[in-house]
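Trainee: Everything in the sequence shown is counted per our numbering, starting at 92 for the first residue and increasing by one.
Using N, Cα and C, we set each Cβ at its ideal position, and we do this for glycine too.
Note that the structure is a prediction, hence the values are computed from the model and not measured.
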Amino acid sequence: MEKYITDFTQISEAFEKMDQSISKKIDIYLIGGAVLLYHSAKQGTKDIDLIVNSKEEYESLINTLKKNDFTHEKPTREYHKLNLENILIKDNYRFDIFNKIVCNNLFLSENMIKRAKLIKEYKNIKLFACSLEDILVFKSITDRDGDIDDCQSIARTNPDWDIVLEEIIYQTKKSGKDVWITWFEERLNLLEDRKIAIPILKNIRKLSLDYYKELEKKLM
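#1: Please go through the segment 235–301 and give each complete alpha helix (DSSP H) segment of 4 or more residues, from N-terminal end onward.
#2: Drop a sphere of 10 angstroms on the beta-carbon of residue 77, count the other beta-carbons inside from all chains shown, and report buried for 16 or more, exposed for fewer.
#3: What are the boundary residues of the alpha helix (DSSP H) that residue 204 is part of?
#4: Whose CA, out of 307, 299, 105, lies closest to the CA of residue 183?
#5: So is residue 199 buried or exposed if we call it buried at 16+ other beta carbons inside 10 Å?
#6: Whole angstroms is fine: what's the gap from residue 197's alpha carbon to residue 232's?
#7: Would you tell me roughly how many angstroms separate the C-alpha atoms of residue 209 and residue 224, rounded to the nearest one?
#8: Quick check on DSSP: helix, strand or coil for residue 106?
#9: So, residue 216 versus residue 98, is the Cβ gap smaller than 9 Å?
#10: Under a three-way DSSP split, which group does residue 125 fall into?
#11: With a threshold of 16 other CB atoms inside 10 Å of the CB of residue 262, please say whether the residue is buried or exposed.
#12: Whose C-beta lies closer than 7 Å to the C-beta of residue 301 among residues of the same chain, with five residues either side of it excluded?
#13: According to DSSP, simplified to helix, strand and coil, what is residue 303?
#14: Taking all protein chains shown into account, do 16 or more other C-beta atoms lie within 10 angstroms of the C-beta of residue 177, making it buried, or fewer, making it exposed?
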């Protein structure tokens, strides 16, 4: 039976304990279900998705967790798109840790960092929660169990869809992977099938159609 964290206080306490063992300043950004739990948009989460923005911070975080008796678990096939380098587990806590990049090229952009909310500052750790709009972007091209449900929960919070659209376009262009727009369209179509109003879906469909037209030209 999977263990779930149902109170954000549990997450805060885990970082407080971690802070006692870490020797360097580090900014940590929560990007998954933990943020939904923080906003009361989800009843529980089985993992704590987080991302740091430098190799040094990443190594410092990994070493700190290992010092606190967290054990390494190899990512399974459902994580193949995520570029997930480390899963560390102890008791009820499971940290899915990303080093700058998620989904091969989807990254923590400057605008994402600006939108992130500082929710707790410890002695050495600053803990940020990425905006729900940006978490929706991250989860729109992942295919883990529960990601579509999380997207649905975020969509029901009345997010700023203009921010979602702008970040999707920016990330797609920056990555050089135009095919991503079709992945975003697929996820948003699934949300529409669940009777969720998606104001930007018309825009996404047009961009996706443009991608297929360009692809057809290249093939010809």
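Mentor: In brief:
#1: 238–246, 252–266, 271–284
#2: Outside the shown range of the chain (92 to 311) lies residue 77, about which nothing can therefore be said.
#3: The residue labelled residue 204 in the question sits at position 113 within the sequence shown. Annotation: the continuous alpha helix (DSSP H) that includes residue 204 extends over 201–206.
#4: On the sequence shown, position 92 is the one that residue 183 refers to. Of the listed residues, the one whose Cα sits closest to residue 183 is 105.
#5: As a first step, residue 199 is located in the sequence shown; it is residue number 108 there, counting from the start. Residue 199 comes out buried.
#6: The residue given as residue 197 occupies position 106 in the sequence shown. The residue given as residue 232 occupies position 141 in the sequence shown. Here the alpha carbon of residue 197 sits roughly 9 Å from the alpha carbon of residue 232.
#7: To locate residue 209, count along the sequence shown from 1; it is residue 118. To locate residue 224, count along the sequence shown from 1; it is residue 133. Residue 209 and residue 224: Cα-Cα distance of roughly 16 Å.
#8: Position 15 of the sequence shown, counted from the start, is the residue given in the question as residue 106. In the structure shown, residue 106 sits in a helix (DSSP, three-state: H, G or I).
#9: Position 125 of the sequence shown, counting from 1, holds the residue named residue 216. Position 7 of the sequence shown, counting from 1, holds the residue named residue 98. In this structure, residue 98 does not lie closer than 9 Å to residue 216 by Cβ.
#10: The sequence position of residue 125 within the sequence shown is 34, counting from 1. Reduced to three states, the DSSP call for residue 125 is helix.
#11: Start at 1 with the first residue of the sequence shown, and residue 262 comes out as number 171. It counts as buried.
#12: For the purposes of this step, residue 301 is taken as residue 210 along the sequence shown, with counting starting at 1. Cβ neighbours of residue 301 beyond the five flanking positions: none.
#13: Taking the first residue of the sequence shown as 1, we reach residue 303 at position 212. DSSP places residue 303 in helix when its eight states are reduced to three.
#14: One-based indexing of the sequence shown puts residue 177 at position 86. When all chains shown are included, residue 177 counts as buried.
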